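Protein sequences appear in the order of chains X and U.
The opening position of the first sequence corresponds to residue 135 in the working numbering, with each subsequent residue numbered one higher.
The opening position of the second sequence corresponds to residue 100 in the working numbering, with each subsequent residue numbered one higher.
A virtual CB, placed ideally from N, CA and C, is assigned to each residue, including glycine.
For clarity, every value in this text was computed on a predicted model and none was experimentally measured.
I have placed the structure first, in the form of structure tokens, so that the comments after it can refer back to it.
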Amino acid sequence: MIEVKELRRSFGPVVAVDGISFSVEKGQVLGLLGPNGAGKTTAMRMITCYIRPDGGTASVCGHDILKDPLGVRRSLGYLAENSPAYGEMTVGGFLRFICDVRRIKGAERKKALDRVVPMCSIDSVYHQTIETLSKGYKRRVGLAQALIHDPSVLILDEPTDGLDPNQKHDVRQLITSMGKDKCIIISTHILEEVEAVCSRTIIVAKGKVLVDSTPRQLKEQHKVSLEEIFRKVTKMKKSEKCEVSRNRLCTSN
Amino acid sequence: MNSFWAVFKRELKSYFATPLAYVFLVIFLIAAGFLTFNREKFFELRQADMRTFFVNLPWLMIFMVPATAMRLWAEERKVGSVELLFTLPITTTQAVLGKFLAAWVFLGIALSLTFPMVLTVFYLGNPDGGLIATGYLASFLMAGSFLAVGCLFSAVTKNQVIAFVLSVVACLVLVVAGLPSMLNYLSTFLPAGLVSAIGTMSLQEHFASLQRGVVRFNDIAYFVVLIAGWVAACTVVLDERKAS
Numbered sequence: 135m136i137e138v139k140e141l142r143r144s145f146g147p148v149v150a151v152d153g154i155s156f157s158v159e160k161g162q163v164l165g166l167l168g169p170n171g172a173g174k175t176t177a178m179r180m181i182t183c184y185i186r187p188d189g190g191t192a193s194v195c196g197h198d199i200l201k202d203p204l205g206v207r208r209s210l211g212y213l214a215e216n217s218p219a220y221g222e223m224t225v226g227g228f229l230r231f232i233c234d235v236r237r238i239k240g241a242e243r244k245k246a247l248d249r250v251v252p253m254c255s256i257d258s259v260y261h262q263t264i265e266t267l268s269k270g271y272k273r274r275v276g277l278a279q280a281l282i283h284d285p286s287v288l289i290l291d292e293p294t295d296g297l298d299p300n301q302k303h304d305v306r307q308l309i310t311s312m313g314k315d316k317c318i319i320i321s322t323h324i325l326e327e328v329e330a331v332c333s334r335t336i337i338v339a340k341g342k343v344l345v346d347s348t349p350r351q352l353k354e355q356h357k358v359s360l361e362e363i364f365r366k367v368t369k370m371k372k373s374e375k376c377e378v379s380r381n382r383l384c385t386s387n
Numbered sequence: 100m101n102s103f104w105a106v107f108k109r110e111l112k113s114y115f116a117t118p119l120a121y122v123f124l125v126i127f128l129i130a131a132g133f134l135t136f137n138r139e140k141f142f143e144l145r146q147a148d149m150r151t152f153f154v155n156l157p158w159l160m161i162f163m164v165p166a167t168a169m170r171l172w173a174e175e176r177k178v179g180s181v182e183l184l185f186t187l188p189i190t191t192t193q194a195v196l197g198k199f200l201a202a203w204v205f206l207g208i209a210l211s212l213t214f215p216m217v218l219t220v221f222y223l224g225n226p227d228g229g230l231i232a233t234g235y236l237a238s239f240l241m242a243g244s245f246l247a248v249g250c251l252f253s254a255v256t257k258n259q260v261i262a263f264v265l266s267v268v269a270c271l272v273l274v275v276a277g278l279p280s281m282l283n284y285l286s287t288f289l290p291a292g293l294v295s296a297i298g299t300m301s302l303q304e305h306f307a308s309l310q311r312g313v314v315r316f317n318d319i320a321y322f323v324v325l326i327a328g329w330v331a332a333c334t335v336v337l338d339e340r341k342a343s
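Structure follows, in structure tokens:
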């Protein structure tokens, strides 16, 4: 349902995403793993049509991100990093606004709200303004926003960031239960989360895909914990990075 | 409902969800009243018309309109909600127009709340209703022009103060360039054709002619082109810079 082909994007001299390709099918939960600054968020932003790629393309449910960005946005739900929202609105008002933009009206809207509000357990803060909410609640409002139109593709950027252990557990259960009939990409650097919810994992660093496998396969291959595999794969990159910067110093001298 | 209307409705509501709308309205109305009655000496002139009211509005709006416009995109980009907005099924044009029109309607509300002034002149004498109507039309179009200018600068920077200062300067240039004293000064070293071109490009001339009760096609067209141009520029800038 998601096809990513050679996506590439740089910001000035910094190459954020350097030719990433992968595809995700219905029923899969893909974990995008990587150190900070690996290009996870940039890749997600390109797939959700927030920023344009410099090269390559992707398609979501058959809609190309360059040719039909509105079709892409219609068919996916996206929870951005830090779950941005309008602080002065109440949770209810905010969700109704999302319904308006997504053209969910009348009885349909009531049904969507009745489904999504208990699902993300935000009933208790429904009439509160968003700026007064704690980080965990804000995140859940963001999640509710992404789920309100029951999309077949979900893209979640660090969905459990800032949640307490109970909430983390709830969100992971939610993702696992939805994973059966949806296509989900989550980004994270919490490795236990990958083991708990992902049926597949991609490790990216410096904008490139280093590993594309399942968590179980990885563990069987390397016979160590995911954390060690992650460190091994990305550390190698670190030493390379040092070399690069050393070279740069030499040339500048 | 169309996504455009959703953005429009949300934006207009958000003015009244924060103290912003009330602070703005109160200050605007006090200042408009002060300028009319105190600076222009409305009562001493003994004329039942609204010239004294409209003539000062550009100066007031140079400061008040950028204050409403500065938050349009700068705030959205700073808070990050722009990422939410532009990953919803909505085009940049729809979003820009929705927010712009909401702000314009808000300014329209502010203008319409000066209605006691109309009642006053009608109570005091027999003013020309048509003149008052074109005065309001001119003021509303001018507010829209300043708003479109502010909208662009708000999209250019994430910093609301920078957006405010830049739009005030741009609006000031639009008005001051057409003042007779300025045109006189310019004519001392610029060719006459250029000076008259600057005069026609300025907002002042078109505002003044509408306010005198003359509704000419080219005055209306001037405002429409001005607004459309700045708003279109805002769309282009946002498309380029929303993520940076």
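Euclidean distance between Cα positions of serine 244 of chain U and valine 331 of chain X: The straight-line gap from Cα to Cα measures roughly 53 Å.
Span of the beta strand (DSSP E) around lysine 244 of chain X: No beta strand (DSSP E) holds lysine 244 of chain X; the alpha helix (DSSP H) holding it covers 240 to 253.
Spatial neighbours of cysteine 376 of chain X in its chain, beta-carbon cut-off 7 Å, leaving aside the 5 residues before and after: A caution first: cysteine 376 of chain X carries a pLDDT of 48, below 50, which makes its placement in the model too unreliable to give a value.
Delimiting residues of the beta strand (DSSP E) encompassing leucine 164 of chain X: Per DSSP, leucine 164 of chain X belongs to the beta strand (DSSP E) from 163 to 167.
Where the alpha helix (DSSP H) through alanine 130 of chain U begins and ends: Unbroken alpha helix (DSSP H) run through alanine 130 of chain U: 119 to 133.
Chain-ordered chain U contacts of cysteine 183 of chain X [CB-CB under 9 Å]: Listed along chain U are Phe185 and Thr186, each with a C-beta nearer than 9 Å to that of cysteine 183 of chain X.
Ranges of the beta strand (DSSP E) found wholly within the region 169 to 217 of chain U, counting only runs of at least 3: none
DSSP-derived helix/strand/coil call for threonine 322 of chain X: strand
First through last residue of the beta strand (DSSP E) which encompasses phenylalanine 145 of chain X: Under the DSSP assignment, phenylalanine 145 of chain X falls in the beta strand (DSSP E) whose first and last residues are 136 to 145.
DSSP-derived helix/strand/coil call for arginine 382 of chain X: Bear in mind that the predicted position of arginine 382 of chain X carries a pLDDT of just 46, short of 50, making it unreliable; the figure below should be weighed with that in mind. Of the three classes helix, strand and coil, the one that applies to arginine 382 of chain X here is helix, per DSSP.
Per-residue contacts from methionine 223 of chain X into chain U (C-beta, under 9 Å): Arg109, Lys112, Ser113 and Ala116
Segment contact, 8 Å Cβ cut-off, at least three pairs: the region 304 to 318 of chain X with the region 159 to 173 of chain X: yes
Rounded separation between isoleucine 126 of chain U and lysine 112 of chain U - CA only: About 20 Å.
is_contact[leucine 204 of chain X, chain U] using C-beta, thresh 8 Å: yes
Buried or exposed by the 16-neighbour rule on C-beta atoms within 10 Å, applied to glutamate 143 of chain U: exposed
Three-state secondary structure assigned by DSSP to threonine 151 of chain U: DSSP places threonine 151 of chain U within a helical segment (H, G or I) once states are collapsed to three.
Asparagine 216 of chain X: contacting residues in chain U (beta-carbon distance under 8 Å): Gly179
At least three beta-carbon pairs within less than 8 Å, the region 268 to 276 of chain X to the region 249 to 256 of chain X: yes
Beta-carbon proximity list for valine 294 of chain U, same chain, < 7 Å, skipping 5 on both sides: A distance below 7 Å between beta-carbons, with the five flanking residues on each side excluded, links valine 294 of chain U to the following residues of its chain, in chain order: Leu282, Leu285 and Ser286.
CB contact below 8 Å: arginine 207 of chain X versus chain U: yes
Three-way DSSP call (helix, strand, coil) for isoleucine 336 of chain X in this model: strand
Test item: CB-CB of serine 321 of chain X and lysine 174 of chain X under 8 Å: Result yes, Cβ atoms of serine 321 of chain X and lysine 174 of chain X sit closer than 8 Å.
Extent of the continuous beta strand (DSSP E) run through lysine 353 of chain X: Where lysine 353 of chain X is concerned, there is no enclosing beta strand (DSSP E), although the alpha helix (DSSP H) it sits in stretches over 349 to 356.
Serine 363 of chain U and leucine 171 of chain U closer than 8 Å at C-beta: The requested residue 363 of chain U is not part of the displayed model; chain U covers only 100 to 343.
Validate contact between the region 187 to 203 of chain U and the region 333 to 340 of chain U using beta carbons, cut 8 Å, 3 pairs: yes
Buried versus exposed, by CB contacts within 10 Å (16 or more), glutamine 259 of chain U: Result: buried.
Among U:Arg340, U:Ala105, U:Glu304 and U:Phe306, nearest to lysine 239 of chain X - alpha-carbon criterion: U:Ala105
Chain X within 8 Å of glutamate 182 of chain U, Cβ atoms only: Residue-level contact by beta carbon holds for glutamate 182 of chain U and chain X, with a gap shorter than 8 Å.
Min CB distance alanine 105 of chain U to chain X below 8 Å: Interface residue, yes.
Three-pair Cβ contact test at 8 Å for the region 176 to 191 of chain X versus the region 140 to 151 of chain X: Using a Cβ-Cβ distance cut-off of 8 Å, the region 176 to 191 of chain X and the region 140 to 151 of chain X are in contact, since at least three pairs of beta carbons, one from each stretch, lie closer than that value.
Those residues which DSSP pairs with threonine 132 of chain X across a bridge: Absent from the model: residue 132 of chain X. The displayed extent of chain X is 135 to 387, so no value can be given.
Residue from U:Val275, U:Pro215, U:Val248 and U:Val178 whose Cα sits closest to the Cα of glutamate 265 of chain X: It is U:Val178 whose Cα lies nearest to the Cα of glutamate 265 of chain X.
Cβ-Cβ separation, valine 330 of chain U to cysteine 250 of chain U (assumed contact under 8 Å), whole Å: 6 Å
Residue of U:Ser211, U:Ser266 and U:Met241 minimising C-alpha distance to leucine 302 of chain U: U:Met241
Neighbourhood of isoleucine 232 of chain X by C-beta distance below 7 Å, restricted to the same chain and skipping five residues each side: Gln279 and Ile282
Per-residue contacts from serine 102 of chain U into chain X (C-beta, under 7 Å): Val235
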